[in-house]
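Our numbering numbers the first residue of the sequence shown as 212 and each following residue consecutively. Where a beta carbon is used, it is the ideal one built from N, C-alpha and C, also for glycine. Notes follow the structure.
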Amino acid sequence: MKRLALLLGLLAPGCGDAKKPEPPRPAAFDGERAYGLLKELCLIGPRNHGSVEKEKAEAWIAERMKACGAEVSVHEFRHTAKTATGPSTFRNIVAKFRPGEARRVLVGTHYDTRSWADRDPDPANRMIPISGANDGGSGVAVMVALAEVFRSSPPPLGVDMIFFDGEDFGREGVWEDYFLGSRAWVRDHPDYRVEWGVILDMVGDAALKIRREGASMKHAPAVVDRVWAAARRADAKAFVEENQPEMMDDHRAFLEKGIPVILLIDFEYPFFHTDEDTPDKCSAGSLGQVGRTVLEAVRGQ
Ligand SMILES: [Zn+2]
Numbered sequence: 212m213k214r215l216a217l218l219l220g221l222l223a224p225g226c227g228d229a230k231k232p233e234p235p236r237p238a239a240f241d242g243e244r245a246y247g248l249l250k251e252l253c254l255i256g257p258r259n260h261g262s263v264e265k266e267k268a269e270a271w272i273a274e275r276m277k278a279c280g281a282e283v284s285v286h287e288f289r290h291t292a293k294t295a296t297g298p299s300t301f302r303n304i305v306a307k308f309r310p311g312e313a314r315r316v317l318v319g320t321h322y323d324t325r326s327w328a329d330r331d332p333d334p335a336n337r338m339i340p341i342s343g344a345n346d347g348g349s350g351v352a353v354m355v356a357l358a359e360v361f362r363s364s365p366p367p368l369g370v371d372m373i374f375f376d377g378e379d380f381g382r383e384g385v386w387e388d389y390f391l392g393s394r395a396w397v398r399d400h401p402d403y404r405v406e407w408g409v410i411l412d413m414v415g416d417a418a419l420k421i422r423r424e425g426a427s428m429k430h431a432p433a434v435v436d437r438v439w440a441a442a443r444r445a446d447a448k449a450f451v452e453e454n455q456p457e458m459m460d461d462h463r464a465f466l467e468k469g470i471p472v473i474l475l476i477d478f479e480y481p482f483f484h485t486d487e488d489t490p491d492k493c494s495a496g497s498l499g500q501v502g503r504t505v506l507e508a509v510r511g512q
């Protein structure tokens, strides 16, 4: 036995290919980490316009982006609400990964949360700001966790992460007071272009189901195909082969400029604009599926 083992040991190096060391695996997206970040963000409190909590959230986002190696800047703009007497100031937070790269993609979300839970079944709650775990929190959590992946495994091309302000600022029906950050961004940067992009909104629902959104299908079908193919590779079954009507959201400002940016949203969320939009309605599994898909879409260049 001993002799045979020795013989095999001697023969082994010559038998077949010598094993090459495996190349280091690129970092994976961690849904649990994203969910932890979501809870941390929501602990700050509602991040509605004019609140100290929103300012804290801005600092929280900017610090994390810098820690992940992004070039961070703030795009400040003013807007006068329809019923206001004067303008107020809003801030988009911009984090560029590999800022020197000419080829770029956009990953965006809004970080502001709604000032009124105006869809709450209890009328007493309708004047209080929402926690916005899913609506205003989930996209931020996915993007911060994605930035942490980029810290150790940089993307193959430039990535602009933009955290938009003033998305959920308008009173229902007053469309000119919604999507302020994305509209101001394209207005103030007329030459801004990316190869493609995604907007994440309400992507944390524990019962997540993301359908292909109408305006994205109409104006950026190749990006929809790219992302759904990435979802299949990432085994993200929340991305279903179904369509949903056109929605108003931060992607529209880009589509109007001919920049192919699609919307990822699950709008069938019973806690939409209520006091119940809290982290327990979201899940690590859902955030993980969205994060893995976006990462796969960015890497699959
Ligand atoms: Zn909202």
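Residues Phe240, Leu357, Val360 of the same chain have their beta carbon placed closer than 7 angstroms to that of Leu506, with the five preceding and five following residues left out of the count.
In this structure, Asp379 lies away from Tyr480, with their beta-carbon atoms at least 7 angstroms apart. As DSSP reads the structure, Ala268 sits in no beta bridge. Here the alpha carbon of Glu266 sits roughly 42 angstroms from the alpha carbon of Pro234.
Here the alpha carbons of Thr504 and Gly511 stand approximately 10 angstroms from one another. With contacts defined as CB atoms closer than 7 angstroms, Asp491 and Gly343 fail to qualify as a contacting pair. DSSP places Met354 within a helical segment (H, G or I) once states are collapsed to three.
Inside the region 240-314, DSSP marks whole beta strand (DSSP E) runs of 3 or more residues at positions 282-290, 299-308, from first to last along the chain. Within the same chain, and ignoring the five residues on either side of Pro310 in sequence, the residues whose Cβ sits closer than 6 angstroms to its Cβ are Glu282. Distance check between Met354 and each of Asp446, Trp407, Phe390, Val305 places Val305 closest, using alpha-carbon atoms only. Residue burial annotation: Ser299 is exposed, with fewer than 16 other C-beta atoms found within 10 angstroms of its C-beta. Relative to ligand 1, Arg258 has its C-beta separated by 6 angstroms or more from all heavy atoms.
A distance criterion of 6 angstroms places the beta-carbon of Asp331 beyond contact range of ligand 1, judged by its closest non-hydrogen atom. When the alpha-carbon of Ala395 is set against those of Leu254, His484, Phe288, the nearest one is in Phe288. Distance from the CA atom of Ala433 to the CA atom of Gly425, rounded to whole angstroms, is 13 angstroms.
Annotation for Asp488 indicates a beta carbon at 6 angstroms or more from all heavy atoms of ligand 1.
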